[in-house]
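Residues in the sequence shown are numbered from 26 upward in steps of one, following the working numbering.
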Amino acid sequence: MEILASEIVGDLDRLSHLPESIVHTILDYIHPSRGPPVDHVRMSVLSKTWFDLTASFPVLNFNIRIFTSRQSFFKYVEYTTSRFCHQNVTADKLTFIATLSEPAEIDIVNQCFELLLKKGVKELFVDITHLPESPNPMPKPKYRLPDILLSVSALKYLDILYCDLPSSLMVHGVKFESLIKLKLFKVHIDDETIKYLATSCPLLQVFHIMSCYGFKSFCVYGHQNLQHVVIKYSTQVDRIDIEAPNLSHLWVQDVDDNVAPRMNLASCKKLTTVTYDGYYLPNDFLSNFPFIEILHLATDHDTCDNLKWSSHSLRALVIDFDCDLEQIDFNTPNLVFFIYGSFSCTTANECWSLLRDSTHLKACMRCYPDECIDAIWFQKLRLFLEKKNGIKPLNLYIQMDQDFTDLEEINAIELPPYELEHVELQLDAHEELSPHMAFVDAVLWCCRPQYLTIKSFFPLTDFEDVVKIVCEKLLQQEVQGHTNIRIVSSHDGNTISFIKKEGIQEQAG
């Protein structure tokens with residue numbers, strides 16, 4: 026009977042005969058959230074060799090969050106590390122996420138790093154914190170990474186969260202000759218360490234310092250490969266000074282309303298994309314970025330009395346806060362994409378993708394007002410559109426999910442509508458027909474589009490009434506008898522388009 030069972034298992038055990046590289050590929054598709062690969066191996070009685078192969082799998086994921094107990098996690102770390110080193114394999118990627126509560130656990134973590142990092146690793150992600158003791162809620166000292174980390178010359182990607190840097194960093198130096206990305210989160214770091222790390226990583230392209238503390242300035246000089254810098258802080262930072270000829274993206278975020286740092290990045294000729302999220306915005310802000318093409322701003326509107334800027338290189342601008350349109354005065358002759366309003370949820374990278382993918386992008390303005398819309402707001406929008414500020418939008422997008430008040434007063438204001446190619450209105454709230462049509466009426470007082478689109482996240486139940494009223498309002502803008510309206514609606518009834526054209530009025534579905 027034993028012989029028969031053995032023969033059956035042998036016949037069915039196809040996985041044991043697969044090349045090791047294919048088995049590793051299969052393991053790579055097992056998502057870490059479903060538990061460590063060894064758990065899946067134990068469930069398969071037909072594959073005798075999978076258990077051993079997991080120890081040679083070059084991607085190690087030690088994540089305490091997917092284990093049912095602390096004891097099982099640290100046993101798994103010890104066992105896997107031992108077998109991995111016994112097979113003399115080098116890890117491509119090591120992820121270590123853990124909480125520590127006693128010295129024995131710290132010893133296991135130290136031994137794991139000592140053995141695995143000695144063999145080299147290409148990607149390292151470390152997120153280690155101490156569990157506070159119940160009687161004493163005061164946080165314990167942070168886990169300090171071992172000095173052996175500094176000698177991993179093959180390391181390309183390094184993420185450190187909540188840990189202290191090795192104690193001999195500034196003494197014995199680092200050998201991160203291959204490091205491309207360095208991301209630090211909640212790590213203590215001072216000004217000199219920032220300079221030293223940048224200097225010691227000649228191939229570094231991405232440098233992120235997020236919610237770190239201990240530094241007053243971010244200064245990097247003469248770095249030839251640095252391309253992407255993110256600096257997020259909650260304590261006062263006085264200075265950001267970067268000399269990097271290939272720097273293209275900068276993100277500066279102050280999460281605690283500090284005074285804006287002095288910036289010197291004028292020598293970065295490839296710096297075209299900038300995000301600034303801070304409390305104070307000086308009027309000479311753009312002078313730091315003479316080659317900027319994409320700018321994303323998020324700041325406290327109380328500190329922005331006037332935005333008077335000039336830039337001949339700026340192509341896309343996102344003002345992600347509630348700034349009065351009267352306060353905006355730009356000289357930006359090449360601006361083609363302008364987003365205004367604190368509900369835009371548009372990032373600088375999205376603008377970059379849009380500009381990159383659109384060789385013939387037509388000038389566009391998008392409005393996301395977050396306050397009650399009234400006649401005064403539309404009057405300010407109308408006056409802003411005709412300003413000689415460099416932005417001549419052919420397309421206007423307005424998302425409206427706020428209340429409309431006193432829109433009927435707008436008809437008393439005598440201003441000709443602004444000529445536009447396309448206006449798109451996004452209605453996100455369930456409202457009766459009357460306020461929606463009052464909003465459309467106010468938009469058409471402000472603009473004279475050749476093409477109007479009304480979108481909604483819910484079906485327009487009064488479809489026929491909407492079509493009739495909007496057509497009448499559009500025709501009132503034209504010479505009677507010379508213009509007709511082509512109507513196109515989506516099958517779900519959420520979108521209606523009105524196109525002015527010569528010919529007989531028609532409707533299409």
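By construction, the Cβ of each residue, glycine as well, lies at the ideal position given by its N, Cα and C atoms.
None of the values given here were measured: they were computed from a predicted structure.
If you draw a 10 Å sphere on the C-beta of histidine 516, you find fewer than 16 other C-beta atoms in it, and that means exposed.
In the DSSP assignment, glycine 303 is bridged to Thr324.
DSSP places glutamate 444 in the uninterrupted beta strand (DSSP E) bounded by 443 to 452. If you look at arginine 95, you'll find it in the alpha helix (DSSP H) that goes 95 to 111.
With a cutoff of 8 Å on beta-carbon distance, proline 418 and alanine 388 are scored as near each other. Put simply, the backbone Cα of isoleucine 173 is about 33 Å away from that of aspartate 263. Where arginine 407 is concerned, there is no enclosing beta strand (DSSP E), although the alpha helix (DSSP H) around it starts and stops at 400 to 410. Between the alpha carbons of serine 336 and tyrosine 301 lies a gap of roughly 16 Å.
Judged by DSSP in its simplified three-state form, serine 192 adopts coil rather than helix or strand.
As the crow flies, the alpha-carbon of phenylalanine 363 is around 12 Å from that of isoleucine 423. Burial check for tyrosine 238: the Cβ neighbour count within 10 Å stays below 16, so the residue is exposed. Beta-bridge partners of arginine 473 (DSSP): Glu444. With 16 or more neighbouring CB atoms inside 10 Å of its own CB, isoleucine 153 falls in the buried class. Taking each of Asn250, Asn113, Phe243 in turn and checking the Cα distance to isoleucine 256, the smallest one comes out for Phe243. Note that the C-beta distance between arginine 511 and lysine 526 is below 8 Å. As the crow flies, the alpha-carbon of methionine 390 is around 24 Å from that of serine 514.
Its Cα nearest to that of lysine 208, the residue Ile185 stands out among Ile214, Glu217, Ile185. Rounded to whole angstroms, glutamate 268 and glutamine 404 show a C-alpha spacing of 45 Å. In this structure, the beta-carbon distance from cysteine 188 to valine 151 falls below 8 Å. With a cutoff of 8 Å on beta-carbon distance, cysteine 472 and valine 448 are scored as near each other.
Rounded to whole angstroms, the Cβ separation of leucine 180 and phenylalanine 210 is 17 Å, and the two are not in contact under 8 Å. For glutamate 139, the uninterrupted alpha helix (DSSP H) run begins and ends at 128 to 144, by DSSP. Close CB contacts of glutamate 103 within its chain, under the 7 Å cut and outside five residues either way in sequence, are with Ile133 (chain order). For serine 225, no beta strand (DSSP E) segment is defined; the enclosing uninterrupted segment is the alpha helix (DSSP H) at 216 to 225.
Annotated as proximal: proline 442 and leucine 469, with beta-carbon spacing under 8 Å. Residue environment: arginine 90 is assigned as exposed (fewer than 16 neighbouring CB atoms within 10 Å of its CB, all protein chains considered). Straight-line spacing of the CA atoms in leucine 141 and proline 83 works out to 11 Å. Boundaries of the beta strand (DSSP E) around isoleucine 265: 264 to 267. When beta bridges are read from the DSSP output, histidine 155 appears opposite Leu125. A Cβ-Cβ contact shorter than 8 Å links leucine 296 with serine 273. Counting the other CB atoms within 10 Å of its CB gives threonine 357 a total of 16 or more, which places it among the buried residues.
When the Cα atoms are used, serine 236 and lysine 100 turn out to be separated by approximately 33 Å. About 6 Å separates the Cβ atoms of valine 284 and tyrosine 305, confirming a contact at the 8 Å cut-off. Between valine 254 and lysine 143, the alpha-carbon positions lie close to 30 Å from each other.
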